[in-house]
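Enquirer: Be aware that the sequence shown starts at 6, since it is given in the working numbering, and climbs by one per residue.
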Amino acid sequence: MTSERMENFCWFDFSRAEGHTSEENYQELVDWSREARGKNPNAFDSLKDWVLDDPSWSGGNLVGSWGQLANGLIGRFREQNAGFRRILQEMELPELVNPAVFPALDAFDRTLEGELPDPQLKEAVRQMLASPAAMESHSLRARIAGGKTGSYGTDAIEVTGYLNFLEDADAAVQWTLFMPGVVEDPAGETELPYPSRHPFSGAGGGGFGESPGPQGAFRGVGPAGSVPLRLRL
6 MTSERMENFC WFDFSRAEGH TSEENYQELV DWSREARGKN PNAFDSLKDW VLDDPSWSGG
66 NLVGSWGQLA NGLIGRFREQ NAGFRRILQE MELPELVNPA VFPALDAFDR TLEGELPDPQ
126 LKEAVRQMLA SPAAMESHSL RARIAGGKTG SYGTDAIEVT GYLNFLEDAD AAVQWTLFMP
186 GVVEDPAGET ELPYPSRHPF SGAGGGGFGE SPGPQGAFRG VGPAGSVPLR LRL
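(1) Does the structure place the region 69-83 close enough to the region 91-107 that three or more beta carbon pairs sit under 8 angstroms?
(2) Measuring CB atoms only, is the region 101-116 touching the region 170-183, in the sense that at least three cross pairs come out at less than 8 angstroms?
(3) To the nearest angstrom, how far is it from the Cα of Pro-124 to the Cα of Asp-54?
(4) Just reading off the alpha helix (DSSP H) that Val-56 is part of, what are its end residues?
(5) Pairs of beta-carbons, one from the region 143-156 and one from the region 64-73, closer than 8 angstroms: are there three or more?
(6) Can the beta-carbon of Ala-75 be found closer than 9 angstroms to that of Leu-134?
(7) How many Å lie between Met-140 and Leu-168 at the Cα?
(8) Going straight from the alpha carbon of Ala-177 to that of Gly-166, what length do you get?
(9) On the criterion of 16 or more Cβ atoms from any shown chain inside 10 Å, does Ser-38 qualify as buried, or is it exposed?
(10) My assumption, with CB atoms under 8 angstroms, is that Phe-17 sits in contact with Gly-88. Please give the rounded CB distance.
(11) With Phe-170 as the anchor, note down where its alpha helix (DSSP H) starts and where it stops.
(12) Between which residues of its own chain and Ser-63 is the CB-CB distance below 8 angstroms, once the five residues before and five after are set aside?
(13) Is Asp-123 helix, strand or coil by DSSP?
(14) At what residues does the alpha helix (DSSP H) containing Val-146 begin and finish?
(15) From Lys-44 to Ala-138, what distance separates their C-alpha atoms?
(16) Is Ala-105 helix, strand or coil by DSSP?
Shown next, in the form of structure tokens:
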């Protein structure tokens with residue numbers, strides 16, 4: 006996998022959250038989540054093409070490709086999740102934080118470790134993480150890749166793979182960051198109480214609707230006693 010393909014993802018630049026107020030830092034997270042929602046679904050689709058590309062997983066390319074996936078993509082998501090926790094836990098105004106973000110991060114970390122509801126897929130991920138040689142199997146890589154979603158989310162696919170679960174978990178974190186307590190209507194000054202409006206529909210998103218995730222784990226979860234916030238959408 007080329008660095009260009011990796012950089013198709015929207016990664017948070019943690020230098021943006023240094024030396025600022027809690028509200029400014031939260032705004033940086035909101036801005037990131039909005040940008041990531043527009044970029045990451047297509048980045049995941051590009052990864053699926055790469056995982057299914059036999060020459061990328063044979064001969065002299067095998068070990069390097071495995072390292073890019075196991076240590077690059079998965080490792081980078083782990084680091085980003087840890088950074089998000091640190092920023093959110095250190096905020097001087099904890100009422101800014103949607104509490105649903107922490108279980109969303111926990112769920113994402115479990116997914117990165119291969120804790121999945123499908124026993125066969127869980128075993129495929131275990132094999133993939135254990136040895137590069139496992140990825141010589143096209144059938145195993147097909148289980149890892151799953152289906153391409155475009156902007157419609159995983160509700161629109163027939164085969165759900167490991168990358169689809171990662172895509173869902175990534176979207177869930179974005180959603181919980183995007184929707185703190187009350188947000189400013191981008192068309193005016195109207196404040197909308199949580200969760201009457203949020204940026205995703207279905208598991209992968211594409212509009213305003215219900216919350217993401219295979220089980221809708223964060224549907225209707227909102228911060229108790231949240232205060233009105235003025236955040237740009």
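Think of the CB as a built atom: it goes at the ideal place given N, C-alpha and C, for glycine as much as any other residue. Computed from a predicted structure; not experimentally measured.
Expert: Here's the rundown:
(1) Contact between the region 91-107 and the region 69-83 is absent: fewer than 3 CB-CB pairs across the two stretches fall below 8 angstroms.
(2) Contact holds: three or more Cβ-Cβ distances are below 8 angstroms.
(3) 24 angstroms
(4) Residues 27-56.
(5) no
(6) yes
(7) 14 angstroms
(8) 17 angstroms
(9) buried
(10) 7 angstroms
(11) Per DSSP, the continuous alpha helix (DSSP H) segment holding Phe-170 begins and ends at 167-183.
(12) Within its own chain, the residues whose Cβ lies closer than 8 angstroms to the Cβ of Ser-63, once the five positions on either side in sequence are excluded, are Glu-141, listed in chain order.
(13) coil
(14) One point to set straight first is that residue 146 is Arg, not Val, in the sequence displayed. Residues 143-150.
(15) 31 angstroms
(16) coil
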